[in-house]
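Residue numbers (the working numbering), protein chains in the order written: chain A, 147 to 355; chain B, 147 to 355.
No residue lacks a Cβ here, since even glycine has one placed at the ideal position from N, Cα and C.
These notes concern the structure reproduced below.
2 protein chains.
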Amino acid sequence: MTGVIASGVRRGSTAVAKSSAPSRERIVAGAADLISRRGLNATSIRELAKHAKAPLGSTYHYFPEGKGQLATEAVRYAGGAVARILRRELDAGPVAGLRAFLSLWRGIVIESDFRAGCPVLAVSVEEPPAGEMPPALTAAAEAFEDWEQLLAEALRKHGVDGDQARGLAALIVASVEGAIAMCRAKRSMQPLDRVARQLETLIAGVLDG
Amino acid sequence: MTGVIASGVRRGSTAVAKSSAPSRERIVAGAADLISRRGLNATSIRELAKHAKAPLGSTYHYFPEGKGQLATEAVRYAGGAVARILRRELDAGPVAGLRAFLSLWRGIVIESDFRAGCPVLAVSVEEPPAGEMPPALTAAAEAFEDWEQLLAEALRKHGVDGDQARGLAALIVASVEGAIAMCRAKRSMQPLDRVARQLETLIAGVLDG
DNA sequence: CACTGGCTATAACGCCCGTCATAGTCTAGC
DNA sequence: GCTAGACTATGACGGGCGTTATAGCCAGTG
Chain A
147 MTGVIASGVR
157 RGSTAVAKSS
167 APSRERIVAG
177 AADLISRRGL
187 NATSIRELAK
197 HAKAPLGSTY
207 HYFPEGKGQL
217 ATEAVRYAGG
227 AVARILRREL
237 DAGPVAGLRA
247 FLSLWRGIVI
257 ESDFRAGCPV
267 LAVSVEEPPA
277 GEMPPALTAA
287 AEAFEDWEQL
297 LAEALRKHGV
307 DGDQARGLAA
317 LIVASVEGAI
327 AMCRAKRSMQ
337 PLDRVARQLE
347 TLIAGVLDG
Chain B
147 MTGVIASGVR
157 RGSTAVAKSS
167 APSRERIVAG
177 AADLISRRGL
187 NATSIRELAK
197 HAKAPLGSTY
207 HYFPEGKGQL
217 ATEAVRYAGG
227 AVARILRREL
237 DAGPVAGLRA
247 FLSLWRGIVI
257 ESDFRAGCPV
267 LAVSVEEPPA
277 GEMPPALTAA
287 AEAFEDWEQL
297 LAEALRKHGV
307 DGDQARGLAA
317 LIVASVEGAI
327 AMCRAKRSMQ
337 PLDRVARQLE
347 TLIAGVLDG
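As structure tokens, then:
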């Protein structure tokens, strides 16, 4: 299996894209997966193409602006996929959403045998060119922001004060992202499990406090 | 300025190393800084040497096993530097230690204008070669483990139950690491500030709860 | 049938990579 | 002064990088 996020290649398109190109989406999804493993700068376009079983020429056909464009779309793709899941599961309340968020990442780390993580984080930890703000990095910031807003809104809907809700949402996203990386280094799920436990009791306490 | 961690190049050596080589330490410290910006695979030995104003040949003189050895020492160097600060400040209690931990990373992110982060995290998010466990990744896991243990022990010393202490320590390290990355993506200190607030009230509550 | 336009195949461009080998320089101790 | 050994300088090695150019294939339309 090539990654939980990447396996969600379905119809539905991201923006205007009226037609076609099943391989285009395959490339984007594969890029998200590969970037989540290797990091952005360490992943070559040739690897990306091979991973998606697409010819190198096709990547420049679909993404004429090159690697940056592909990376940006990959980050948006992963960010959107996670946001969709989060939005759906948060309907059953903040704790249910939190659990879905946690088990989503848990699945990615375990199924990849500690080799894959979060592509959004991977893009976030690479230095941008002096004084610039590459689109992929902006997309990463937007993904984090989306997740936080979804979580915060769910908390607010369940009676948590606005400021506190934003704070808790940031804590959730940050600690889960950090824990994923720690799990990969330690080759153990303990960090994410411990963080999950702490977050669950914290949220539960805030909700009926 | 070249990074808070890297600027701590002082006498004192890490292990046996009885003598010499000021430039050896400069290379290691510079490597920690550069890796924290660019990531491991994306940082070349030539850049590392130039960054430390050392000739390329010297890197292979001091680190005959090549890039992996240098990366490993850089991770250990950074991990040890943070652990030393943590150990010192935790003497004044868990909240004081937490504050020091937070403001240490805060300084690194701000002084680098959101370009540097945590070298330990940077190494953790790169895929190891199939079935292997590179020494640098092991060093990253050890650094995380050290920080967690220091925090957990301080909490225990102040009356927190053992399991809870380990959980809180994991939450602290994970959320701070994640928040650093989010700050870089957003080019804003808000994530780390929010996480700091949440962690402080959480710890304070646990301590006199 | 010819033709157009989306996709692929292949090769090349200059550049940088990790690593190694070799020869040179400098300094300490005899 | 001379030799040994720590460090530096330089250049090469094969290979992968991002990107571009060019030509070929192969539907679907007229």
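In terms of CA proximity to residue 198 of chain A, A/170 leads the group A/282, A/335, A/170, A/305.
Under the DSSP assignment, residue 270 of chain A falls in the alpha helix (DSSP H) whose first and last residues are 265-270. Taking a beta-carbon distance threshold of 9 Å, residue 236 of chain B does not count as an interface residue toward chain A. Residue A/181 holds the alpha-carbon nearest to the alpha-carbon of residue 217 of chain A among A/201, A/181, A/231, A/317. Not a single CB atom of chain A sits nearer than 9 Å to the CB of residue 308 of chain B. Think of a sphere of 7 Å around the beta carbon of residue 321 of chain A: the chain B residues whose beta carbon falls inside it are 317, 320, 321, 324, in chain order.
The residue from A/327, A/354, A/340, A/173 with its alpha-carbon nearest to that of residue 269 of chain B is A/327.
Proximity of chain A to residue 290 of chain B at the Cβ level (cut-off 8 Å) is accounted for by 328, 331, 332, 337, in chain order.
The criterion of a C-beta distance shorter than 9 Å is not satisfied by residue 348 of chain B and residue 248 of chain B.
It is roughly 37 Å from the alpha-carbon of residue 279 of chain A to the alpha-carbon of residue 352 of chain A. Approximately 11 Å separates the beta-carbon atoms of residue 271 of chain B and residue 263 of chain B; this is outside 8 Å, ruling out the contact.
Residue-level contact by beta carbon fails for residue 228 of chain A and chain B, as no gap is shorter than 9 Å. Taking the CA atoms as reference points, residue 293 of chain B sits about 46 Å from residue 204 of chain A.
Residues of the same chain with a CB within less than 7 Å of the CB of residue 201 of chain A, apart from the 5 flanking positions on each side, are 195 in chain order.
In this structure, residue 287 of chain A lies away from residue 223 of chain A, with their beta-carbon atoms at least 9 Å apart.
By the Cβ neighbour-count rule, residue 210 of chain A is exposed, with fewer than 16 other Cβ atoms within 10 Å of its own. Under the 9 Å criterion on CB atoms, residue 273 of chain A is classed as interfacial with respect to chain B.
Residue environment analysis places residue 190 of chain A among the exposed positions, since fewer than 16 neighbouring C-beta atoms fall within 10 angstroms of its C-beta.
In the structure shown, the three-state DSSP call for residue 276 of chain B is coil. Cβ contact annotation for residue 316 of chain A (same chain, cutoff 8 Å, sequence separation greater than five): 294, in chain order. Of the residues assessed, residue 303 of chain A falls on the exposed side of the cut-off, its CB having fewer than 16 other CB atoms within 10 angstroms. Nearest C-alpha to residue 277 of chain A among B/261, B/281, B/283: B/261. At least one CB atom of chain A sits nearer than 9 Å to the CB of residue 185 of chain B. Interface with chain A (9 Å Cβ-Cβ cutoff): residue 192 of chain B is excluded. Boundaries cannot be given for residue 200 of chain B, as no alpha helix (DSSP H) includes it and DSSP labels it neither H nor E. Judged by DSSP in its simplified three-state form, residue 186 of chain A adopts coil rather than helix or strand. Boundaries of the alpha helix (DSSP H) around residue 328 of chain B: 308-332.
Neighbourhood of residue 268 of chain B in chain A, by CB distance below 8 Å: 271, in chain order. For the options B/291, B/324, B/307, the alpha carbon positioned closest to that of residue 267 of chain A is the one of B/324. In the same chain as residue 319 of chain B, and ignoring 5 residues on each side of it, the C-beta atoms closer than 8 Å to its own belong to 290, 293, 294, 297, in chain order. Taking CB atoms only, residue 344 of chain B has a neighbour in chain A less than 9 Å away.
Within the same chain, and ignoring the five residues on either side of residue 346 of chain A in sequence, the residues whose Cβ sits closer than 8 Å to its Cβ are 241, 244, 245.
For residue 304 of chain A, the three-state secondary structure derived from DSSP is coil.
When rounded, the separation of the alpha-carbon atoms in residue 281 of chain B and residue 220 of chain B is 11 Å. Looking at A/335, A/232, A/207, A/350, the one whose alpha-carbon comes closest to that of residue 173 of chain A is A/207. In the three-state scheme derived from DSSP, where H, G and I count as helix and E and B as strand, residue 171 of chain A is classed as helix.
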